[in-house]
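Here the structure is laid out as structure tokens; the discussion comes afterwards.
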Amino acid sequence: MNYLPSDYLPILIQLGLALAFIVGTMLVTHAIGPKRNSKLKDEAFECGIESQGDARTPISIKYFLVAILFVLFDVEVIFMYPWAVNFIKLGSDGFVEMILFMGLLLAGFYYIIRKGVLEWEK
0 MNYLPSDYLP ILIQLGLALA FIVGTMLVTH AIGPKRNSKL KDEAFECGIE SQGDARTPIS
60 IKYFLVAILF VLFDVEVIFM YPWAVNFIKL GSDGFVEMIL FMGLLLAGFY YIIRKGVLEW
120 EK
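Numbering (numbering that gives the first Met the number 0), first residue to last: 0 to 121.
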């Protein structure tokens with residue numbers, strides 16, 4: 000089945016309308032919204048706790064590395080759900096492919112453990 004460019008016209012119209020609504024809403028609320036600035040209103044406020052110090056303190060790269068690894072392995076685990084749902088239909092080929100996938104996943108996990116990425120204290 001060949002798709003013509005005109006087949007995508009409804010999607011482009013919906014995208015254009017959504018973007019126009021977002022931009023229009025932002026412009027209107029900015030134009031008609033209250034503009035009452037004061038020292039107290041412009042002060043940073045976080046959950047009822049007075050802010051202290053500088054917000055630009057450096058954060059250890061370990062934090063970001065662990066976060067990225069969590070997202071990476073979490074996304075990889077998501078691939079197991081469709082496999083589990085279709086386990087019977089996939090047969091032995093699907094089982095071998097999942098064993099290979101799990102082997103590669105565990106090899107990556109073993110690598111990051113050997114590199115000491117998950118160790119906070121060194």
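Where a beta carbon is used, it is the ideal one built from N, C-alpha and C, also for glycine.
For residue i, the first and last residue of its enclosing alpha helix (DSSP H)
{"i": "residue 21", "result": "8 to 31"}
Residues near residue i in its chain [Cβ-Cβ closer than 7 Å; skip 5 each side]
{"i": "residue 109", "result": "none"}
{"i": "residue 64", "result": "116"}
{"i": "residue 142", "result": "Any answer about residue 142 is impossible in this case: the structure gives the chain only from 0 up to 121."}
Cβ separation of residue i and residue j, assumed to be a contact under 8 Å, to the nearest whole Å
{"i": "residue 104", "j": "residue 75", "result": "5 Å"}
{"i": "residue 82", "j": "residue 90", "result": "Not a contact, Cβ separation roughly 12 Å."}
{"i": "residue 61", "j": "residue 119", "result": "6 Å"}
{"i": "residue 68", "j": "residue 111", "result": "6 Å"}
Cut-off 6 Å between Cβ atoms - residues of its own chain near residue i, not counting five sequence neighbours on either side
{"i": "residue 97", "result": "82"}
Cut-off 8 Å between Cβ atoms - residues of its own chain near residue i, not counting five sequence neighbours on either side
{"i": "residue 85", "result": "93"}
{"i": "residue 51", "result": "none"}
Only counting runs of 4 or more residues, tell me where the alpha helix (DSSP H) segments fall wholly within the stretch 50 to 111, in order along the chain. You should have 60 to 77, 79 to 84.
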